[in-house]
Amino acid sequence: NLFVRNLSASAMNTSSSTIPWTQMQSVGTSDINFKHVNGDLDVDVSLENICQMEFKRFYYLDDDERTERRGVIAQQIEQIDKEYVHSAEGVGKMTLDLNPLMMDAL
């Protein structure tokens, strides 16, 4: 696992002990030689999951310019399918796992 800290311009005068750590995700392999395939994905369930997602417009709390972005909220997505999110232990910050999200969106 790789952990990093985001030192934005507004955080340069902040003690490094108060800046949260973020867990980075490594890319998994898609090679059949490293997998045991259990069956086909039910694409009807995938479509139902996508239809349940609440898409939002937002800006990050530490963004002084309040740049508007669009996306989803990890806590809501986790209620749909726990495979869609990761939670960095001890940090309390949730991130999206883009692989199952992308597969369901196809």
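No gaps in the numbering here: position 77 of the sequence shown is 62 in our numbering, and each next residue is one more. All C-beta atoms in this analysis are idealised placements derived from N, C-alpha and C, irrespective of residue type, glycine included. Quantities reported herein were computed from a predicted structural model and do not represent experimental measurements.
| Query | Result |
| --- | --- |
| What's the call for Tyr69, buried or exposed, on a 16-neighbour Cβ count within 10 Å? | buried |
| Should Leu86 go down as buried or exposed, given a rule of 16 or more other Cβ atoms within 10 Å for buried? | buried |
| Can you give me the start and stop residues for the beta strand (DSSP E) that Leu86 sits inside? | Per DSSP, Leu86 belongs to no beta strand (DSSP E); it is in the alpha helix (DSSP H), 83 to 90. |
| Around the C-beta of Ile17, are 16 or more other C-beta atoms found within 10 angstroms, so that it is buried, or is it exposed? | exposed |
| State the Cα-Cα distance for the pair Asp66 and Asp25, rounded to the nearest angstrom. | 17 Å |
| Residue range of the alpha helix (DSSP H) that Val22 falls in? | No alpha helix (DSSP H) contains Val22, which DSSP labels as neither H nor E. |
| Which residue marks the beginning of the beta strand (DSSP E) containing Ser72, and which one marks its end? | 70 to 73 |
| With distances taken from CA atoms, which of Leu32, Gly77, Arg54 is nearest Met88? | Leu32 |
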